[in-house]
Amino acid sequence: MPVQNAMTADFLRSAYGGESMAHMRYLIWGDVAEKEGMPNIARLFRAIAYAEWAHADNHFRELRDQKGDYTVPAGAVFGIGKTAENLQGAIDGELHEVEQMYPVYLETARFQNEKGAERAFHFALEAEKIHVDLFQKAQDAAMEKKDFEVGPIHICPVCGYTGTDPAPDVCPVCGVKKEMFKIFE
Ligand code: FE2
Ligand code: FE2
Ligand code: FE2
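Listed below in structure tokens is the structure:
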């Protein structure tokens with residue numbers, strides 16, 4: 038059942054806005070990394086941009102009955118710098134989601150017995166934890182003017198789970214088979 042309660046609906050709209058902007062921002066920062074000669078970091082940004090699309094898609098679908106125009110306040114990081122700086126922006130945004138935004142949104146959805154929103158927020162929260170870690174490792178490399186040593190990156194199109202080789206047989210967050218994963222290599 039799509040979302041019924043106003044507070045959870047507000048949080049879904051805000052999360053949709055935040056994920057949409059993160060998706061676009063990572064594509065832009067990916068192009069910067071490519072131009073700086075860091076193709077693996079560019080690929081990481083593009084893979085994670087796809088995961089953020091999956092999150093936005095889940096949130097939007099939960100709002101399917103809430104038709105009409107809205108002004109949507111959402112957190113977003115701005116600025117274009119060198120890749121190491123852009124990665125700091127990415128880390129800051131992901132940490133905000135992991136430490137503040139999604140835990141609060143998730144508990145609200147639970148409190149309001151909004152099962153679909155709870156699922157969408159849970160999926161996003163689990164993926165963002167991995168994003169923090171991967172962006173931190175990429176930044177460690179970029180600080181030393183090196184590219185990030187990483188193999189194929191697997192993204193679950195259902196929940197945005199983000200993994201590196203070897204891919205698990207089923208998504209550890211949502212359970213879909215690994216054949217569904219989109220691979221960035
Ligand atoms: Fe996300
Ligand atoms: Fe993320
Ligand atoms: Fe998944």
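Just so it is clear: in the sequence shown, position 50 is 87 by my numbering, and no numbers are missing. We put the beta carbon where it would ideally sit given N, CA and C, even for glycine.
- When 107, 108, 127, 106 are compared, the shortest CA-CA separation from residue 114 is found for 127.
- Cβ-Cβ distances below 7 Å link residue 110 to 51 in the same chain, with the five nearest sequence neighbours on each side left out; the list follows chain order.
- Relative to the Cα of residue 89, the nearest Cα in the group 197, 123, 155 belongs to 197.
- Of the candidates 45, 93, 184, 168, the residue whose Cα lies closest to the Cα of residue 58 is 93.
- With fewer than 16 other Cβ atoms from the protein chains shown falling within 10 Å of its own Cβ, residue 137 counts as exposed.
- For residue 200, there is no enclosing alpha helix (DSSP H); the enclosing beta strand (DSSP E) covers residues 199-201.
- Rounded to whole angstroms, the gap between the alpha carbons of residue 153 and residue 64 is 28 Å.
- Shown here for residue 149: same chain residues with a beta carbon closer than 6 Å to its own, the five before and five after excluded, namely 42, 45 in chain order.
- By alpha-carbon distance to residue 133, the top candidate from 100, 219, 165 is 165.
- For residue 195, the Cβ falls inside the 7 Å cut-off from some heavy atom of ligand 3.
- When DSSP states are grouped into helix, strand and coil, residue 214 belongs to the strand group.
- Cβ neighbours of residue 71 within its own chain (closer than 6 Å, five residues either side excluded): 79.
- Not one heavy atom of ligand 3 lies closer than 7 Å to the C-beta of residue 142.
- Across the structure, residue 99 and residue 157 are spaced so that their CA atoms are roughly 8 Å apart.
- In the three-state scheme derived from DSSP, where H, G and I count as helix and E and B as strand, residue 219 is classed as strand.
- In the DSSP annotation of this structure, residue 117 is not part of any alpha helix (DSSP H), being labelled neither H nor E.
- In the structure shown, residue 69 falls within a helical segment according to DSSP collapsed to helix, strand and coil.
- In this structure, residue 179 and residue 75 form a Cβ contact; the two beta carbons are roughly 7 Å apart against a cut-off of 8 Å.
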